[in-house]
Amino acid sequence: MHFLYFDAGLGAMLIQAIVAAVAGIALFYKSIKYKVRSMLGMDKNTTENEVFDDINIDDSKIENAPKDDN
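Structure follows, in structure tokens:
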């Protein structure tokens with residue numbers, strides 16, 4: 243009877259494949275869920291301004307920042 247030899251490289255490769263498969267399935271599920279919800283009219287129609295409303299940036303800090311272009 244022959245047993246498989248699992249060294250550190252093979253173990254890391256298997257873990258990487260499992261993590262990649264889980265991430266791929268999660269992203270696929272999320273995209274399918276979004277498409278179905280948008281077809282049924284259940285998605286929230288957000289504009290670009292609504293998406294970035296929670297980011298607090300003071301425009302005066304950006305405009306008055308010292309420019310060091312040597």
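Read the sequence shown against my numbering and you will find it ends at 312, with the numbers running on by one and no gaps.
No residue lacks a Cβ here, since even glycine has one placed at the ideal position from N, Cα and C.
Following the DSSP letters along the chain, one finds Leu246 in no alpha helix (DSSP H), marked with neither H nor E.
Taking Asn306 as the centre and dropping the five residues before and after it, the same chain places no C-beta closer than 7 Å to its C-beta.
Under the three-state reduction of DSSP output, Gly283 falls in the coil class, being neither helix nor strand.
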